[in-house]
Every structure is written in structure tokens, then in C-alpha cells.
Amino acid sequence: MTDEIITNQPTESSLDVIQETMDGFLAAADVRAVYGEPIQHDDTTIIPTAEILSALAFGIGSGSGNGVGTDQNPDKPWQGTGGGGGGGGRVLSRPVAIVVASPEGVRVEPVIDITKIALAGLTALGFMVGMMFRMSSRSRSLPDIED
Amino acid sequence: MSVIETEIRSGEARQVGNFQLTPLTRVLKVKTPGNHAGFIWNRPKAVIVRTLDGKEQVLPVTDVTRMAIWLMLAGGLLGAIMIRILFRNRQLSSKQE
């Protein structure tokens, strides 16, 4: 009986899946992902632009083992291999501006997301109101030493 | 290979009417050693406009939403700090009286 350890290589299909995923991930860095296809309307052409945020993480692992016999078959050596992997990722896209090309010229019009700005404004207001409550409650709760 | 990379990429020029538009993007790439994780932030930077008579103009693409959000958050933090300083000063002056 030999004691060699068989290393389990990732199968070709799993490598293909990883390669495809990586290709898709790297495609987020392409210029074509940011600038959309031109939209023609009469004399005017509109090109939408967006920012892309892409995050990806994955891991694969494999292992093997062998040994001599079990309780049922003490003389029969056993050997086993296994492998697995997992990963996750997310792609976020948000419109930033539109490029408008007309016979008069080319201009860039910003896309303003009022909802996000309002949420940020509410968060900022929350900071200030929270600090006001904190300071006013502190001034009421702490008596002077003379008292 | 560096862990953090930034680069400015230019795309294919497109002929739109009398103008030739060349898009530019700014890419931030973060990779972990071993290439098991990564992050890409790709955003428009500018558009280079070339007219038929050879004039070139660079139109920057400004993200107004992001600027407004950061301004709001910075204003909120500053406001909170100001409120804290004002309350402290008022407490100190009332104690002295």
C-alpha cells in the first residue's frame, strides 16, 4: 500500500465558471459599460452615461485523504477526495449624466437623483438634531458641583 | 501587479452629426493578492468633442448627485460640531455667571 496523497485539482468546468465570472467582472471596467448606445431623436443624439460599481469575491478549495481499513473492512484501504467553492458579487449602476449632441453643439446635462440627495439631507439633519438633543440632555442631567 | 490601480480610459470615437465624440472614463481597480476578490469603480470623466474644422473641446462630466450628497453629509457633520461647540460655550458662560 502506498501513502501517496492525491491532490484534487479544480475541474475544468469550475475553472470555466470562474473565468466567465472574472470576464464579466472585468467588463465593468470597460468604457462601453459607462457610455450607453446613442439614442437618435430627430436631429438630436443622446448618449446616456452611468457609473458602475462592481465587487466580486470567490474562493475554491479541495482536499483528499486516505487510510487503512474500517471496522467493517479492516483490510480494505480507503481513499477520498473532495472540493468546493463559492463566491459572490454585486454590480451597481447609477446614471450620472447625458451627452446631448444637436446641430447647435454638444453639451453634458447632469442627471440629478433627488431621492438620494433628500436622504443625504435627512441624514445630515439627523446628525444635527441628534447632537442638539445630546447636548441639551447632558446640560440638564449634570448638576453643578455646588448643588 | 499593484493592489490599487487608477487609470483613465478612452473609448472608440463616435461620429454624431458634425461632431466626433470620444468618451473618457476614470477607472479605480482594487484587487486582493491572489485575485480572489476585486472591486471596480468605473465612472465617466469627460467627452472630447472634435468638430469638422479640427477644433477640440473637452466637456467634463460632473456627477452632481454625488457632489450634493457629500456636501450635505459634510454640512451635517460640521453643523453637529458647531452645535456642540455652541452648547459647550453656553454652558461655560452660564457656570461663570
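Keeping their order, the protein sequence lines are chains A and B. Throughout the first sequence, residue numbering follows the numbering used here, covering 1 to 147 in sequence. Throughout the second sequence, residue numbering follows the numbering used here, covering 1001 to 1097 in sequence. Glycine included, C-beta positions come from ideal geometry on N, C-alpha and C.
Mind checking if B/Asp1053 is an interface residue toward chain A, Cβ cutoff 9 angstroms exclusive? Numbered from 1 along the second sequence, position 53 holds the residue referred to as residue 1053 of chain B. Residue contact check for B/Asp1053 against chain A: no CB pair falls below 9 angstroms.
Judging by CA-CA distance, which residue of A/Ser102, A/Ser54, A/Gln79 and A/Pro95 is the nearest neighbour of A/Gln40? By 1-based counting over the first sequence, the position of residue 40 of chain A is 40. Looking from the CA of A/Gln40, the closest CA among A/Ser102, A/Ser54, A/Gln79 and A/Pro95 belongs to A/Ser102.
Are the CB atoms of B/Leu1021 and A/Val111 within a distance shorter than 9 angstroms? Counted from its first residue, the first sequence places residue 111 of chain A at position 111. Counted from its first residue, the second sequence places residue 1021 of chain B at position 21. Contact flag unset, no.
Report, in whole angstroms, the separation of the C-beta atoms of B/Thr1025 and B/Pro1044, which I expect to be a contact under 8 angstroms. If you number the second sequence from 1, residue 1025 of chain B lands on position 25. If you number the second sequence from 1, residue 1044 of chain B lands on position 44. With 8 angstroms as the limit, B/Thr1025 and B/Pro1044 qualify as a contact, their Cβ atoms being about 6 angstroms apart.
Residues of chain A with CB closer than 8 angstroms to the CB of B/Ile1004, please, in chain order. The residue given as residue 1004 of chain B occupies position 4 in the second sequence. Those do not exist, as B/Ile1004 stays about 14 angstroms from chain A at its closest Cβ, beyond 8 angstroms.
Span of the alpha helix (DSSP H), counted from its first residue to its last, around B/Asn1089: In the second sequence, the residue the question calls residue 1089 of chain B occupies position 89. Val1064 to Gln1096 is the span of the alpha helix (DSSP H), which, as asked, contains B/Asn1089.
Cβ-based burial, A/Val68 [other Cβ within 10 Å; buried from 16]: The residue you call residue 68 of chain A lines up with position 68 of the first sequence. The residue in question, A/Val68, is exposed, as its Cβ has fewer than 16 Cβ neighbours within 10 Å.
Which same chain residues, not among the five before or five after A/Phe25, have their C-beta less than 7 angstroms away from its C-beta? Here the question's residue 25 of chain A lines up with position 25 in the first sequence. Excluding sequence neighbours, A/Phe25 sits near Ser54, Leu56 and Gly89.
Local conformation of A/Met1 per DSSP, three classes: On the first sequence, position 1 is the one that residue 1 of chain A refers to. Here the model assigns A/Met1 a pLDDT of 46, short of 50, so the residue's position is not dependable, and the following value carries that caveat. Assignment of A/Met1 by DSSP, reduced to helix, strand and coil, places it in the coil class.
Find the residues of chain A that neighbour B/Pro1044, judging by a C-beta separation of less than 8 angstroms, and give them in chain order. Reading the second sequence from its first residue, position 44 is the one you call residue 1044 of chain B. Those are Val34, Tyr35, Thr49, Ala50, Glu51, Val96 and Ala97, listed as they occur along chain A.
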